[in-house]
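Chains as they are written, first to last, in the numbering used here: chain A, 1 to 699; chain B, 1001 to 1492.
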């Protein structure tokens, strides 16, 4: 029996694994986030164990013939390291790029960032978390001076008065979380859901608002307009704990309900209902998710809702405030420890000299040798194989060709690389394009920490030994680092790296033991915003996880901002934002809005869940309203074609009354949806606009 | 424009909503320090269209200011309040203020708005030239403040001197809003409208009839086809012989473009100041006009959204983008008043096309769309705003609709499914979290049995009520049904 957590979303539900012969069995375990509940993804999570599709030997593809052949680990790692070294010699260090994932453990994310900066010396590292909650992260940093998805435990939802969910379908994307909503309603609280689709989450709402995709921002401006007009803002809180309100207050004078109605398609009366609900509530919780965040104005959208929460005096108050419902399993921890292009461990910024000095000392290198800021995820992919861009890419924990926006273009960029290396457990769509595929362990076979959506650091523990031939990502990193010549400060292998090392320092080490790496991570995060230095594996086991910031000697911080925000003056900042609208508006040729999202039984690009036989894999579909179906002559179950300026896909129609008639929806777990999506980026978070673009549908 | 864009002096005459939006556009393009705003009112630019909301009491007056005074100063904008412009001297490219000072310009923008029409009612202006104290206009924040003072002197609602009744002259959008606002405050209101139905510029006679009926239900008497001719001590006399006893007369009878400055400067003025697609006067490349005072393509508008769109285009033009062009604008007029729902799209009185219409005078609803080539080109929704957001989107974006779609949009939305749980077919999914069908639940004996064998209710918990109901209504047959068991086998 091994106590661990689910391999999928950011709830990281607690579960227990036990061995039944060759099989692993999932059973319930009490953990505050899920209280023993699991969705079918969790219950069937062990199904990948023993899958015939599991890779158990490194594979090398012959570029000329396209044929795959098995290789030994030494052959594969030698090949990769020598190519990396050669490319670096010709094009410089930034020619080698690394792409990580929000599903990797903290230890892997940390080690990957270190590997890129120290072993490869490249600035070109980023990860798929950019496509997850980066807009909320950017907004949180601007408003609060820190980004922790939920600054309070998830179960606090049950004890607030009004919970506003903006662009979240948690009942399908993280089902056990919906229990907290139900309990809130049992306690007499109200749930508000804002979504272009009436989802199972929306069905739980006391008030459901159905805006045009891309207009959550003006809705927030309209709510604040009404709150200010009614004198319902918390003037004392604003004066004592915030700055910048006057400009924001004035800016919303231009967003009266009928103006908002025209832009958002939400009736003025509904907006008034929402404002009056908020004005009369003691505690209000505003939660955003991808629906609000995955936009070219995603950061501004989150800021606008943050302004509402701040104007009501909620952040820092118990059972109230603003939070982001992070998506990926380690979306939170993944962004804190250095696999993001602009960050070093502990949520330190890579252009901060003090941060560089601290982390370089932990790594045993000269801060001067650390590269600076690199490209953001989409910009990195967009540059691959171009004259100025990287010539190689190492991919860990991501299935880019399914999950990137404008996927056809991204696939063409991958094809122009000199070297594509993918570490994965199965032959994913991205792995299938690689030169070298490295078979790696999956969740139940390895140990490591994750930081869930609440900022709670939890521990996944290995329950079984991996199949023969499979190694951990940590082994891959150490193996490559050793070959690239920086083990214990001694140059070995293919290419002595021209790195000056500080005399007296031991030089970087490349452990493959998670707990050892975590100890190093604690030192690297010490004094940073996301301070893990007081967290140990034992504490995590004993305390049902530990919330950061947790400096040594601290009990951890389940609830933030009670006294101060993280800006130097201790105050939260109101930030004046304007509505620009979606980057791509409907035209005569593409008269509809397309939005994308998830279904319950699949996770992300489906690389894992589609290979679990107990999960239905019905393929993509196109959700459309009967009015639109009539207009284009579509019938439920019959194929329809969705086109955007970037591509097209065909899938069966699902005719439902729960979607706006001017909008179509396609789930993104299967190849296709992201051939359609727009790669317009948010100026601050560099989040692509997954959630809205112009589209046409034909039967 | 003859001057280089970089250091041109931009002078905006007017401090209304169009001017404020233009300033925001100029500031966003770095032109704030070159901008001077000459505003006649003493208030910073505010949201004029919410005045009736202030009157009604839903908005505090302080919430209307569009920017703080400091905001302008911080961005280098020279905002001069209480500054009345008397002349534009195009020869010297200066504007002259009432105090005879002159302000030089390279580009001057007229954003002078509209001037309320004063209907020719004898007795409104007294012998000494002052206005009868019972008469109020309703265009500015000061008008609104005066009215509020009258209504609620020192907050003493029981004060016998407070007005108890009011006559609103004008049955347009503003008249209806003011009437509702006063009624909400407990004032008995009556409306006098010269045309033969309410909202005559926006809706047809049958919709107007519905509106009149709704107003009557709300306690407001409406006099149509009647003109106020004289205000006496007995009250307001109408040309139909009625005399309306009243404490208050509010004038809301429309307005006309305020173009006197342009006329004096010998610029072409028809109904408004005539401008081209760059909002430039057709007579002088350094003079522009936006908002209610401007006439573009033979159209003057009295609405804020076209004014703002013009402001956006002009900011681009003044920043040097000569390709920016104003190509007209679709107007959506929304009545803002309690218990009175009206939305007018475009000009349903003037547009041609197929008319789709659904009315229920008993319920006080009248919904009409004018459709041409599958597109909604105009419409009026009275008394029932269902799907107003969707209809507005289709109108704004000129979406080509299906053959029957316009009609379907006007019909009531089909009510939510509300399917009776016991009727669920065996293959209907009850628990999405675990993927469990109604049949599999029916095959279970108890909630524990359901949890253990199907894992339904163990995810989000949302299906628990449905599961309980299914268990309660399951056919109380012998222990387990073999067919259902085998069904279960095939689905897992």
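Beta carbons are placed, not taken as given, at the ideal position from N, Cα and C, and that holds for glycine.
Where the alpha helix (DSSP H) through residue i begins and ends
{"i": "residue 273 of chain A", "result": "268-279"}
{"i": "residue 135 of chain A", "result": "134-144"}
{"i": "residue 1089 of chain B", "result": "No alpha helix (DSSP H) holds residue 1089 of chain B; the beta strand (DSSP E) holding it covers 1085-1089."}
{"i": "residue 42 of chain A", "result": "40-43"}
Close beta carbons around residue i, own chain, < 7 angstroms, minus the five adjacent residues each side
{"i": "residue 1427 of chain B", "result": "1437, 1439"}
{"i": "residue 189 of chain A", "result": "160, 161, 162, 163"}
{"i": "residue 1098 of chain B", "result": "1084, 1086"}
Cβ of residue i within 7 angstroms of any chain B Cβ
{"i": "residue 693 of chain A", "result": "no"}
{"i": "residue 68 of chain A", "result": "no"}
{"i": "residue 586 of chain A", "result": "yes"}
{"i": "residue 14 of chain A", "result": "no"}
{"i": "residue 490 of chain A", "result": "Confidence is the limiting factor: at residue 490 of chain A the pLDDT is only 40, short of 50, which leaves the residue's position unreliable and the question unanswerable from this model."}
{"i": "residue 631 of chain A", "result": "yes"}
Within-7 angstroms CB hit, residue i to chain A
{"i": "residue 1144 of chain B", "result": "no"}
{"i": "residue 1388 of chain B", "result": "yes"}
{"i": "residue 1047 of chain B", "result": "yes"}
{"i": "residue 1126 of chain B", "result": "no"}
{"i": "residue 1371 of chain B", "result": "no"}
{"i": "residue 1399 of chain B", "result": "yes"}
{"i": "residue 1189 of chain B", "result": "no"}
{"i": "residue 1067 of chain B", "result": "yes"}
{"i": "residue 1332 of chain B", "result": "yes"}
{"i": "residue 1329 of chain B", "result": "no"}
Exposure label - residue i; buried when at least 16 CB within 10 Å
{"i": "residue 639 of chain A", "result": "exposed"}
{"i": "residue 275 of chain A", "result": "buried"}
{"i": "residue 964 of chain B", "result": "This structure cannot settle anything about residue 964 of chain B, because the visible part of chain B is limited to 1001 through 1492."}
{"i": "residue 1217 of chain B", "result": "exposed"}
{"i": "residue 21 of chain A", "result": "exposed"}
{"i": "residue 267 of chain A", "result": "buried"}
{"i": "residue 674 of chain A", "result": "buried"}
{"i": "residue 1418 of chain B", "result": "At residue 1418 of chain B the pLDDT is 44, less than 50, meaning the model places this residue with poor confidence; the figure from the coordinates comes in the next sentence. Exposed, because fewer than 16 other Cβ atoms sit within 10 Å of the Cβ of residue 1418 of chain B."}
{"i": "residue 1404 of chain B", "result": "exposed"}
{"i": "residue 90 of chain A", "result": "exposed"}
{"i": "residue 373 of chain A", "result": "exposed"}
{"i": "residue 69 of chain A", "result": "exposed"}
{"i": "residue 1362 of chain B", "result": "exposed"}
Contacting residues, own chain, Cβ-Cβ under 6 angstroms from residue i (five flanking each side not counted)
{"i": "residue 1312 of chain B", "result": "1025"}
{"i": "residue 324 of chain A", "result": "133, 136, 149, 288"}
{"i": "residue 1038 of chain B", "result": "1013, 1080, 1083, 1085"}
{"i": "residue 1409 of chain B", "result": "1387, 1391"}
{"i": "residue 140 of chain A", "result": "147"}
Opening and closing residue of the beta strand (DSSP E) in which residue i lies
{"i": "residue 1166 of chain B", "result": "1165-1169"}
{"i": "residue 1321 of chain B", "result": "Run containing residue 1321 of chain B: none; DSSP gives neither H nor E here."}
{"i": "residue 287 of chain A", "result": "284-288"}
{"i": "residue 117 of chain A", "result": "Run containing residue 117 of chain A: none; DSSP gives neither H nor E here."}
{"i": "residue 483 of chain A", "result": "Not the beta strand (DSSP E): residue 483 of chain A falls in the alpha helix (DSSP H), residues 473-483."}
{"i": "residue 671 of chain A", "result": "Neither: residue 671 of chain A is in no beta strand (DSSP E) and is coded neither H nor E."}
Own chain, CB closer than 8 angstroms to residue i, minus 5 neighbours either side, in chain order
{"i": "residue 1336 of chain B", "result": "1049, 1050, 1052, 1053, 1177"}
{"i": "residue 244 of chain A", "result": "573, 574, 575, 576"}
{"i": "residue 1183 of chain B", "result": "1189, 1218, 1219, 1220"}
{"i": "residue 16 of chain A", "result": "1, 2, 3, 4, 26, 27, 28, 29"}
Sheet register partners of residue i (DSSP bridge)
{"i": "residue 1288 of chain B", "result": "B:1109, B:1280"}
{"i": "residue 96 of chain A", "result": "A:392"}
{"i": "residue 323 of chain A", "result": "A:287"}
{"i": "residue 1360 of chain B", "result": "B:1365"}
{"i": "residue 1437 of chain B", "result": "B:1429"}
{"i": "residue 35 of chain A", "result": "Note: residue 35 of chain A sits in no beta bridge, so no partner."}
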